[in-house]
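J.: From first to last, the protein sequence lines stand for chains C and V. 1 is the number of the first residue of the first sequence in our numbering; add one for each residue after it. 1001 is the number of the first residue of the second sequence in our numbering; add one for each residue after it. Using N, Cα and C, we set each Cβ at its ideal position, and we do this for glycine too.
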Amino acid sequence: MKNYSLLTSAASILLAFTLTFIGGELKAQQGIDDVLNNGEIRGNFQLEAQYYQEDSLIGAQDVPEKILSNGFLNLIYTNGSFSMGVRYESYLNALLGFPEGYRGNGVTYRFASFTQEKMSVTVGNFYEQFGNGLIFRTYEERGLGYDNMMDGVRVKFKPAPGLSLTGITGKQRLFFEYGEGIVRGLDAEFYLNDGISALANSKTQIILGASGISKYQPDQDSRYVLPENVGAVAGRVNITHGFFNVNAEYAWKANDPSADNGYIYRPGEALFVQASYSRKGFGLVLAAKRNDNMSFRSDRTEGQQNLLINYLPALTKQHTYNLLATLYPYAVQLNGEVAFQADLIYKFDKGSVLGGKYGMDVQFNVATANNIDTTMLNDERTTRQGYTSDWFKRGELYFQDINTQITKKFSKKVKGRFTYANLIYNQDVIEGKPGVPVIRANVGIADVTYKFNMRNSLRTEVQFLLTEQDQGDWATAIFEYSYAPHWFFAIMDQYNYGNEDPERQIHYYNASMGYNNGGNRITLSYGRQRAGIFCVGGVCRVVPASSGLYLSLTSSF
Amino acid sequence: MTLRLNLLIVLFLSFSALSFAQNNEIPAVDVKKIDGTTFNTGDIENDGKPIIINFWATWCSPCKRELNNIAEMYEEWVEETGVKLIALSIDDARNMGKVAPYVNGKGWEYEVYIDPNGDFKRALGVNNVPHTFLVDGNGKIVWQHNSYSEGDEYELFELVKKLSEGESID
Chain C
1 MKNYSLLTSA
11 ASILLAFTLT
21 FIGGELKAQQ
31 GIDDVLNNGE
41 IRGNFQLEAQ
51 YYQEDSLIGA
61 QDVPEKILSN
71 GFLNLIYTNG
81 SFSMGVRYES
91 YLNALLGFPE
101 GYRGNGVTYR
111 FASFTQEKMS
121 VTVGNFYEQF
131 GNGLIFRTYE
141 ERGLGYDNMM
151 DGVRVKFKPA
161 PGLSLTGITG
171 KQRLFFEYGE
181 GIVRGLDAEF
191 YLNDGISALA
201 NSKTQIILGA
211 SGISKYQPDQ
221 DSRYVLPENV
231 GAVAGRVNIT
241 HGFFNVNAEY
251 AWKANDPSAD
261 NGYIYRPGEA
271 LFVQASYSRK
281 GFGLVLAAKR
291 NDNMSFRSDR
301 TEGQQNLLIN
311 YLPALTKQHT
321 YNLLATLYPY
331 AVQLNGEVAF
341 QADLIYKFDK
351 GSVLGGKYGM
361 DVQFNVATAN
371 NIDTTMLNDE
381 RTTRQGYTSD
391 WFKRGELYFQ
401 DINTQITKKF
411 SKKVKGRFTY
421 ANLIYNQDVI
431 EGKPGVPVIR
441 ANVGIADVTY
451 KFNMRNSLRT
461 EVQFLLTEQD
471 QGDWATAIFE
481 YSYAPHWFFA
491 IMDQYNYGNE
501 DPERQIHYYN
511 ASMGYNNGGN
521 RITLSYGRQR
531 AGIFCVGGVC
541 RVVPASSGLY
551 LSLTSSF
Chain V
1001 MTLRLNLLIV
1011 LFLSFSALSF
1021 AQNNEIPAVD
1031 VKKIDGTTFN
1041 TGDIENDGKP
1051 IIINFWATWC
1061 SPCKRELNNI
1071 AEMYEEWVEE
1081 TGVKLIALSI
1091 DDARNMGKVA
1101 PYVNGKGWEY
1111 EVYIDPNGDF
1121 KRALGVNNVP
1131 HTFLVDGNGK
1141 IVWQHNSYSE
1151 GDEYELFELV
1161 KKLSEGESID
């Protein structure tokens, strides 16, 4: 009944908007015809369900509901310059490891927007980011339950060639509700080559940007007098000249005492610089970042990934191989970090000594992250500035990753990719486990594909992670058989053979299969899932160990 | 009451009419070129020849396998059918800067755009990457495929050939 009335009201809004924008003179019948014949509906659907079995060996708890599921459906209707959409989400109850705030069903996302020549307006929910996101980014990662979208109004306006302005106001999503804080902001971006005729034909392309965000949250704290309005500003530049590119952004935030920073009144700042050079067969990226007290939320009392207004990208390689990606991945430290990264890619041509018949690709990556330097002021009872920090010094090491990857095709049937990584992982800080030692690990991975013919192929992964700390050594083997273009079958075992406790030397086996056709895909798997940290798009979620049957359905239309 | 009933009928019709009312045009949203400037996806075109739109990311292994495999044959594909492949990266600020060096480093000849805010991804109903769309000579999306397995590219090329010869694909 609830859904029924929802759809009816959605239809009324749809019709009302369409009629309004098509022009009042048109008769309703024509409007309806237009809705039917010229509009388009696109969307997608996903359902994940797991049947849980108790498995005391791996620490998989009994789940009272036995079956848990997450699902959503997105519908977006577009008709010319008009668009509207809804999303229905369902968590009955949410899969283990998902934030607990997701419980029940409901419509969480709805918007309507229209675009005219120079202006575009969106009301309802929207996702937006200014520059690199240092002061503002609302974003969704459905697979992890991360969603801090806005509910409010967004206006985009292009007043002159090369110039675009974006204004936003709204509240942010927190599970099935909205946070109490109000977020308002303005961004201006100027593409010089379009705006200044003298630069129209210049080989150097320059984009300048400036943005400001202000959040409002009432002060109901009995201990401190807190700023109810907190402002943040950022400036950026992006220059491309031939094969060179430089992208830099600096952000500053006024004092913003919060649970994250221990209610200190120190302002925050962040700097992000990325430079790259690339030509055919060669690419180099150098990046540096420093963020100091830049946690920025629309509710100062929140933690985890909740109600974050901004985004501080991690400057580490985003690995995809299981052991490398889910045992010791780095998560950005919002309170302060200094990070550097260098990434090199080189292609040895076909016919060269190392390239052989088919060529060979080599990638090399180094990333480090340290705490910022801090000198405590011990001013808790006076100014509460917390600390001072020297820009040119670094504090404790949080993370280091030195890795290399070689991709080579040996023959028409065989190709491989080989990875080595050396990791240093400060588990104490990154996972908040005081007293645990820093983890040093060496990881080696071979990924070899054998192609029987155009349709049939077998991919094998063998991975080793060697460490003296934490749970000791791990090995993983995966065999994935695919029958293109519709089927795949895979078996996998992860074995913690190096665990000091012989009883914890556990096999985590898993078998899965999948079928896909058109925009539809179904995956079924059975087995054990090791506790780990799953990251997508730079957001990570800790997932507990589980055992059972997992089903996933996705569909795009 | 009658209004409500009408609306219900409208709704019913619009849903039941979906399959044939769909124009399947490429939605027009702003994405970024690899030099950071803005590009509107409504301007995607290939002179009446087929277009492949492939969503990928620098952190997605199957995506890279797919695009690297196609890269080996791309020249022949273009020669034979005039097809154009648009590689749409969904990388965000963390990895956006790596897109151009990766594309150039691998020597890809594709047209590459970045969708850091996920606007184009949402407009096309993409759940996860890799996700491939096939657009015919009239600019209509006629086929899609989610995920990648070794060898999928052969089916894709068969479909591209059909489109380039003006046949319909079902």
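Please go through the same chain and pick out, in chain order, the residues whose beta-carbon is closer than 7 Å to the beta-carbon of C/Arg279, but skip the five residues on each side of it.
T.: Phe243
J.: Are the CB atoms of C/Tyr330 and C/Ala314 within a distance shorter than 8 Å?
T.: yes
J.: When we look at the beta-carbon of C/His319 and count the other beta-carbons within 10 Å, is it buried (16 or more) or exposed?
T.: buried
J.: Buried or exposed for C/Asn442, please, with buried defined as at least 16 other CB atoms from any protein chain shown within 10 angstroms of its CB.
T.: exposed
J.: For the stretch 1084-1105 of chain V, list every residue whose C-beta sits within 7 Å of some C-beta in chain C, in sequence order.
T.: Asp1092, Ala1093, Arg1094, Asn1095, Gly1097, Lys1098, Ala1100, Pro1101, Tyr1102, Asn1104, Gly1105
J.: Hey, which unbroken runs of the alpha helix (DSSP H) at 4 residues or more fall wholly within the stretch 251-329 of chain C?
T.: 322-326
J.: Is any heavy atom of the ligand GDP found at a distance shorter than 7 Å from the C-beta of V/Asp1115?
T.: For the structure depicted, the ligand GDP is absent and the ligand set is empty, with no information on it obtainable.
J.: Using DSSP bridges, identify the partner residues of C/Ile506.
T.: Checking the DSSP bridge columns, you'll see C/Ile506 has no partner listed.
J.: Around the Cβ of C/Tyr420, are there at least 16 other Cβ atoms within 10 angstroms (buried) or fewer (exposed)?
T.: exposed
J.: From the DSSP output, read off the bridge partner residues of C/Gly548.
T.: C/Tyr52, C/Gly527
J.: Between the stretch 1102-1129 of chain V and chain C, which residues of the former have a C-beta closer than 9 Å to a C-beta of the latter?
T.: Tyr1102, Val1103, Asn1104, Gly1105, Lys1106, Gly1107, Pro1116, Asn1117, Gly1118, Asp1119, Arg1122, Ala1123, Leu1124, Gly1125, Val1126, Asn1127, Asn1128
J.: For a quick check, are the C-beta atoms of C/Ile135 and C/Arg154 less than 8 Å apart?
T.: no
J.: Can you list, in chain order, the residues of the stretch 1040-1061 of chain V whose Cβ is nearer than 9 Å to any Cβ on chain C?
T.: Ala1057, Thr1058, Trp1059, Cys1060, Ser1061
J.: Run the CB neighbour count on C/His241, radius 10 Å, all protein chains shown included, and call it buried at 16 or more, exposed below.
T.: exposed
J.: Using only alpha-carbon positions, find the residue among C/Leu226, C/Gly152, C/Arg521 that is nearest to V/Ser1147.
T.: C/Arg521
J.: Taking a cut of 8 Å between CB atoms, which residues from the stretch 217-248 of chain C lie near chain V?
T.: From the stretch 217-248 of chain C, only Asn238, Thr240, Phe243, Asn245, Asn247 have a Cβ closer than 8 Å to chain V.
J.: Where do the ends of the beta strand (DSSP E) carrying C/Ala160 lie?
T.: 150-160
J.: Kindly indicate which residue of C/Asn105, C/Gln385, C/Ser197, C/Asn371 has the alpha-carbon position closest to the one of C/Ile264.
T.: C/Gln385
J.: Pop quiz: V/Thr1041 and V/Val1029 are said to be a contact at Cβ under 8 Å. What is the actual Cβ separation, rounded to whole angstroms?
T.: 5 Å
J.: C/Thr368: which of C/Lys357, C/Phe98, C/Ile424 sits nearest, CA to CA?
T.: C/Ile424
J.: Would C/Leu308 and C/Asn125 be called neighbours here (beta carbons separated by less than 8 Å)?
T.: Note that the C-beta distance between C/Leu308 and C/Asn125 is not below 8 Å.
J.: Exposed or buried, what is C/Ala160 when buried is set at 16 or more other beta-carbons lying within 10 Å of its beta-carbon?
T.: Classification for C/Ala160: exposed.
J.: Start and end of the beta strand (DSSP E) containing C/Leu186?
T.: That run of the beta strand (DSSP E) goes 182-191.
J.: Can you tell me where the alpha helix (DSSP H) holding C/Asp428 begins and where it ends?
T.: 427-430
J.: Going along chain C, which residues have a C-beta under 9 Å from V/Tyr1154?
T.: Met454, Arg455, Ala484, Pro485
J.: Which first and last residues belong to the alpha helix (DSSP H) in which C/Thr382 is found?
T.: From DSSP, C/Thr382 is part of no alpha helix (DSSP H); its letter is neither H nor E.
J.: Which first and last residues belong to the beta strand (DSSP E) in which C/Trp487 is found?
T.: 487-495
J.: Verify whether the separation of the beta carbon atoms of C/Phe479 and C/Thr460 is less than 8 Å.
T.: yes
J.: Find out if the Cβ-Cβ distance for the pair C/Leu163, C/Gly195 is shorter than 8 Å.
T.: yes
J.: Quick one: what's got a C-beta closer than 8 Å to V/Trp1056's C-beta in the same chain, skipping five residues either side?
T.: Hits under 8 Å: Cys1063, Lys1064, Glu1066, Leu1067, Ala1087, Leu1088, Ser1089, Ile1090, Val1129, Pro1130.
J.: In chain V, what lies closer than 9 Å to C/Ser278 by C-beta?
T.: Ala1100, Pro1101, Tyr1102, Val1103, Asn1104, Gly1105
J.: Nearest by alpha-carbon distance to V/Lys1084: which of V/Ile1070, V/Ala1093, V/Val1126 is it?
T.: The shortest Cα separation from V/Lys1084 among V/Ile1070, V/Ala1093, V/Val1126 belongs to V/Ile1070.
J.: Just to confirm the assignment: which complete beta strand (DSSP E) runs, minimum length 3, are found wholly within the stretch 188-217 of chain C?
T.: 204-216
J.: Between V/Gly1036 and chain C, is there a C-beta pair that is closer than 8 Å?
T.: Using a Cβ-Cβ cut-off of 8 Å, V/Gly1036 counts as an interface residue toward chain C, since at least one Cβ of chain C sits closer than that to its own.
J.: Could you check how far apart the C-beta atoms of C/Val366 and C/Ile402 are, in whole angstroms? I think they sit under 8 Å.
T.: Yes, C/Val366 and C/Ile402 are in contact; Cβ-Cβ is about 5 Å, under 8 Å.
J.: Tell me whether C/Trp474 sits in a helix, a strand or coil according to DSSP, three-state version.
T.: Reduced to three states, the DSSP call for C/Trp474 is strand.
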